[in-house]
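In the order they appear, the protein sequences are chains A and B. Its first residue numbered 49, the first sequence is counted upward by one per residue in this note's numbering. Its first residue numbered 360, the second sequence is counted upward by one per residue in this note's numbering. Have a look at the structure below, then the notes.
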Amino acid sequence: MTGRVVVIGVGNRFRRDDGAGPAVIEALRADPPKDTLLTDSDGEPGRMLGLWRPHDAVVVVEVVHAHPGKPGRLHTLTAERAARCAARSASTHALGLGETFALAAALDRMPRELTVHAVEGEDFGLGRGFSTAVADALPELIRHVAKAIDQAHDRLRCASALSDDRGSA
Amino acid sequence: MSHRGSRVLRLDALARVEGEASLHLAVRDGRVTEARLRIYEPPRFFEAFLVGRGHGEPPDITSRICGICPVAYQTTACQAIERACGVTVDGPLAELRRLLYYGEWIESQALHIHLLHAPDFLGHPSAVELAREHRAAVERGLRIKQAGNTVMEQLGGRAIHPINVRVGGFYHVPAPAELVPLTERLRRAHDDALETVRWVAGFDFPDAEYHGPLLAMCDPGRYAIDSGTPAVMAAVAGSNGPAPVRALPVEEFERRVVERQVSHSTALVSELDGHHYLTGSLARYAVSGRWLHPSALDAAREAGLGDPATGAVCRNPFRSIIVRAVEVAHAVAEALRIIDAYEPPSRSYVAVPPRPATGCAATEAPRGLLYHRYAMDADGTLTLARIVPPTAQNQAAIEDDLRRQVQSRLDRPGEPPGDEELTALCERAVRNHDPCISCSAHFLDLTVERG
Numbered sequence: 049m050t051g052r053v054v055v056i057g058v059g060n061r062f063r064r065d066d067g068a069g070p071a072v073i074e075a076l077r078a079d080p081p082k083d084t085l086l087t088d089s090d091g092e093p094g095r096m097l098g099l100w101r102p103h104d105a106v107v108v109v110e111v112v113h114a115h116p117g118k119p120g121r122l123h124t125l126t127a128e129r130a131a132r133c134a135a136r137s138a139s140t141h142a143l144g145l146g147e148t149f150a151l152a153a154a155l156d157r158m159p160r161e162l163t164v165h166a167v168e169g170e171d172f173g174l175g176r177g178f179s180t181a182v183a184d185a186l187p188e189l190i191r192h193v194a195k196a197i198d199q200a201h202d203r204l205r206c207a208s209a210l211s212d213d214r215g216s217a
Numbered sequence: 360m361s362h363r364g365s366r367v368l369r370l371d372a373l374a375r376v377e378g379e380a381s382l383h384l385a386v387r388d389g390r391v392t393e394a395r396l397r398i399y400e401p402p403r404f405f406e407a408f409l410v411g412r413g414h415g416e417p418p419d420i421t422s423r424i425c426g427i428c429p430v431a432y433q434t435t436a437c438q439a440i441e442r443a444c445g446v447t448v449d450g451p452l453a454e455l456r457r458l459l460y461y462g463e464w465i466e467s468q469a470l471h472i473h474l475l476h477a478p479d480f481l482g483h484p485s486a487v488e489l490a491r492e493h494r495a496a497v498e499r500g501l502r503i504k505q506a507g508n509t510v511m512e513q514l515g516g517r518a519i520h521p522i523n524v525r526v527g528g529f530y531h532v533p534a535p536a537e538l539v540p541l542t543e544r545l546r547r548a549h550d551d552a553l554e555t556v557r558w559v560a561g562f563d564f565p566d567a568e569y570h571g572p573l574l575a576m577c578d579p580g581r582y583a584i585d586s587g588t589p590a591v592m593a594a595v596a597g598s599n600g601p602a603p604v605r606a607l608p609v610e611e612f613e614r615r616v617v618e619r620q621v622s623h624s625t626a627l628v629s630e631l632d633g634h635h636y637l638t639g640s641l642a643r644y645a646v647s648g649r650w651l652h653p654s655a656l657d658a659a660r661e662a663g664l665g666d667p668a669t670g671a672v673c674r675n676p677f678r679s680i681i682v683r684a685v686e687v688a689h690a691v692a693e694a695l696r697i698i699d700a701y702e703p704p705s706r707s708y709v710a711v712p713p714r715p716a717t718g719c720a721a722t723e724a725p726r727g728l729l730y731h732r733y734a735m736d737a738d739g740t741l742t743l744a745r746i747v748p749p750t751a752q753n754q755a756a757i758e759d760d761l762r763r764q765v766q767s768r769l770d771r772p773g774e775p776p777g778d779e780e781l782t783a784l785c786e787r788a789v790r791n792h793d794p795c796i797s798c799s800a801h802f803l804d805l806t807v808e809r810g
């Protein structure tokens with residue numbers, strides 16, 4: 049069965065650098081890739097888990113902290129690595145992205161493949177607009193995500209062809 | 360374990376740092392001398408930048424205060440503006456507004472019950488571990504939540520920060536056929552909600568009781584959410600029985616509920632007639648329990664909450680999870696009733712022409728009473744905005760609850776508790792009240808001072 053490519057920009061566009069994920073989605077919508085669902089999310093796990101199906105390839109675009117940090121640095125993470133980065137949160141309302149992936153795994157709700165393209169943020173204050181480091185990194189992040197979408201489609205096509213071959217054998 | 364000095368425990372999240380809460384607990388000679396919950400809360404900024412805006416803008420702007428309960432902010436803002444302008448929204452438009460609000464309730468309460476609160480009772484550090492052992496329950500919670508999401512998307516245009524709400528009604532009202540797909544989801548959610556009540560009723564609940572006054576909307580004949588008048592159930596001295604309930608007309612809210620600044624928090628702390636008080640699920644259940652939907656009434660009785668029809672009151676903050684589950688059953692049942700009876704209005708909104716006036720309103724956000732007041736000039740330009748969110752109102756009551764629970768633990772014979780145990784106890788006590796710590800808080804830092 050062929051899945052879709054689902055691209056999720058996680059973040060809040062009114063919290064400075066945290067809006068980088070939705071900004072990437074906005075940029076991709078100018079020339080939307082075929083068979084690709086472009087969407088943004090606040091990262092709330094219930095809604096995140098509802099965005100993909102088992103056969104989909106999911107690309108998450110996110111802003112992260114790193115220790116030591118270098119604002120603007122790009123990262124590509126597997127879901128497993130992102131889940132390992134999950135810190136125990138005492139929040140009463142929200143789980144982090146890592147916890148969301150771990151929850152998906154616990155519920156057997158992981159998609160066929162899931163990767164995270166992230167940029168290290170610097171300014172998470174109120175308002176719109178990015179720090180210079182994130183603004184400078186955005187074009188490259190968009191290119192990375194666009195390339196990831198193409199590659200995901202290739203893999204989905206291969207998987208589908210293999211599946212068809214097995215079906216006809 | 361050191362009994363002197365201070366210790367800081369930091370709990371970080373992976374990313375998305377948007378808010379902060381910390382707890383400062385001081386224990387001296389075995390007595391809790393301070394329990395301070397510090398909340399960073401954005402609504403004060405919103406009040407400032409609403410001034411100078413048009414009278415049609417508060418629903419969209421204030422919805423941004425909270426990603427979990429934007430409809431509460433939208434509904435309360437609409438009602439306050441409409442009241443100022445002398446306009447009443449009723450009939451199918453009011454029912455649609457209520458349906459949207461139920462969608463938010465279903466989503467918000469299901470999230471808190473299943474992913475955030477239940478792990479405390481089942482000995483798991485998070486929803487992830489809970490899901491590994493109680494997968495069916497977590498799946499059920501996500502199904503209920505998805506039903507709420509779907510209502511939000513259908514009526515609000517999207518599940519977060521709905522865009523279809525306007526002063527006077529909606530930009531677009533659905534045809535009956537557009538609501539039909541919700542019915543099947545909500546029917547399943549109703550079964551799931553009743554199952555959830557049975558599930559949480561089986562948890563172990565520590566003894567605890569909140570003795571102070573309870574504040575909730577009251578609309579006789581209806582479990583008040585978006586209608587009625589604020590009402591106060593008086594404090595009780597140790598008994599679990601119902602105390603007198605007295606109306607607090609919304610126009611008197613700011614005279615009776617006084618906010619004050621405290622040095623340890625950027626959030627204002629509220630007092631009702633000079634005392635801390637509780638708003639939220641326990642208060643609603645105490646004031647309006649008898650008017651729950653029949654299926655939710657039965658569920659409450661079976662869950663051991665007593666008989667709401669005869670005025671049963673629950674004052675144990677740990678049992679708030681049962682009350683929330685009952686409220687989800689009620690919200691789903693009521694949503695189905697509204698959809699079954701729906702006949703589209705002739706217009707999607709009522710015109711709300713501005714006039715120089717002031718209007719206030721209160722509704723029940725999932726975590727408690729939310730109050731708005733706006734003043735406008737002749738062309739509708741806002742000259743004042745005032746927003747009192749539930750968590751600020753509950754802050755003093757939560758601190759009192761923390762003091763009591765920690766003291767109770769310290770007074771227990773045997774080995775004195777370590778910081779880790781106290782941290783877990785405090786987090787659990789805070790979660791009982793489902794606070795919205797700036798609605799985006801990602802960590803709780805605890806400082807314990809021992810001396």
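Note that the Cβ used here is the ideal one computed from N, Cα and C, for glycine as well.
Mind checking if residue i is an interface residue toward chain A, Cβ cutoff 9 Å exclusive?
| i | result |
| --- | --- |
| Asn753 of chain B | no |
| Arg332 of chain B | It is not possible to answer for residue 332 of chain B, since the shown part of chain B is limited to 360 through 810. |
| Gly426 of chain B | yes |
| Arg423 of chain B | yes |
| Gln468 of chain B | no |
| Ser679 of chain B | no |
| Glu400 of chain B | Here Glu400 of chain B scores only 49 on pLDDT, less than 50, and its place in the model is too uncertain to base an answer on. |
| Glu498 of chain B | yes |
| Val487 of chain B | yes |
| Ala518 of chain B | yes |
| Asn675 of chain B | no |
| Leu373 of chain B | In this prediction, Leu373 of chain B has a pLDDT of 17, which is less than 50 and means its spatial position is unreliable; nothing more can be read from the coordinates. |
Expressed to the nearest angstrom, what Euclidean distance is found between the alpha-carbon atoms of residue i and residue j?
| i | j | result |
| --- | --- | --- |
| Gly670 of chain B | Ile681 of chain B | 17 Å |
| Ile190 of chain A | Asp83 of chain A | 18 Å |
| Glu406 of chain B | Gln620 of chain B | 16 Å |
| Gly500 of chain B | Ile465 of chain B | 10 Å |
| Gly516 of chain B | Arg706 of chain B | 18 Å |
| Phe564 of chain B | Phe480 of chain B | 8 Å |
| Glu779 of chain B | Val487 of chain B | 20 Å |
| Gln505 of chain B | Asp184 of chain A | 38 Å |
| Phe314 of chain B | Phe178 of chain A | This structure cannot settle anything about residue 314 of chain B, because the visible part of chain B is limited to 360 through 810. |
| Gly426 of chain B | Glu74 of chain A | 20 Å |
| Ile197 of chain A | Val107 of chain A | 7 Å |
| Ala394 of chain B | Leu784 of chain B | 13 Å |
| Ala724 of chain B | Ala583 of chain B | 11 Å |
Taking Cβ positions, are residue i and residue j nearer each other than 9 Å?
| i | j | result |
| --- | --- | --- |
| Ala575 of chain B | Ala642 of chain B | yes |
| Val609 of chain B | Gly648 of chain B | no |
| Arg52 of chain A | Gly175 of chain A | no |
| Ala496 of chain B | Ala469 of chain B | no |
| Pro667 of chain B | Arg726 of chain B | no |
| Asp551 of chain B | Ile472 of chain B | no |
| Gly665 of chain B | His414 of chain B | no |
| Gly450 of chain B | Leu514 of chain B | no |
| Glu170 of chain A | Ala200 of chain A | no |
Is there a Cβ from chain B that is less than 9 Å from the Cβ of residue i?
| i | result |
| --- | --- |
| Leu97 of chain A | yes |
| Asp213 of chain A | no |
| Leu162 of chain A | no |
| Leu122 of chain A | no |
| Leu210 of chain A | no |
| Arg62 of chain A | According to the sequence displayed, residue 62 of chain A carries Phe and not Arg. Cβ-Cβ to chain B under 9 Å: yes for Phe62 of chain A. |
| Ala138 of chain A | With a pLDDT of only 37 at Ala138 of chain A, under 50, the local geometry of the prediction cannot be trusted, and no value is derived from it. |
| Ala154 of chain A | yes |
| Leu151 of chain A | yes |
| Leu174 of chain A | yes |
| Glu147 of chain A | yes |
Between residue i and residue j, which are expected to be in contact by the criterion C-beta below 8 Å, what is the C-beta distance as a whole number of angstroms?
| i | j | result |
| --- | --- | --- |
| His165 of chain A | Val111 of chain A | In fact, because the Cβ distance is near 11 Å, the residues do not count as touching under 8 Å. |
| Phe677 of chain B | Asn791 of chain B | 6 Å |
| Val448 of chain B | Leu769 of chain B | So it is not a contact: roughly 52 Å between Cβ atoms. |
| Phe149 of chain A | Ala127 of chain A | 5 Å |
| Thr782 of chain B | Asp585 of chain B | Wrong, their Cβ atoms sit about 37 Å apart, outside the cutoff. |
| Pro535 of chain B | Tyr644 of chain B | That belief does not hold up - the Cβ atoms of Pro535 of chain B and Tyr644 of chain B are roughly 33 Å apart, past 8 Å. |
| Ala606 of chain B | Ala590 of chain B | 5 Å |
What are the uninterrupted segments assigned as alpha helix (DSSP H) that are 4 or more residues long and contained completely in the region 452 to 525 of chain B, given in chain order? As far as the region 452 to 525 of chain B is concerned, its whole alpha helix (DSSP H) runs of at least 4 residues are 477 to 480, 486 to 492 and 494 to 515.
Fully enclosed by the region 403 to 448 of chain B, which alpha helix (DSSP H) runs are 4 residues long or longer? Assignment of alpha helix (DSSP H) within the region 403 to 448 of chain B, counting only whole runs of 4 or more residues, yields 417 to 421 and 429 to 443 in chain order.
Length at least 4, wholly inside the region 571 to 648 of chain B: the alpha helix (DSSP H) runs in chain order: Correct list: 612 to 615 and 640 to 647.
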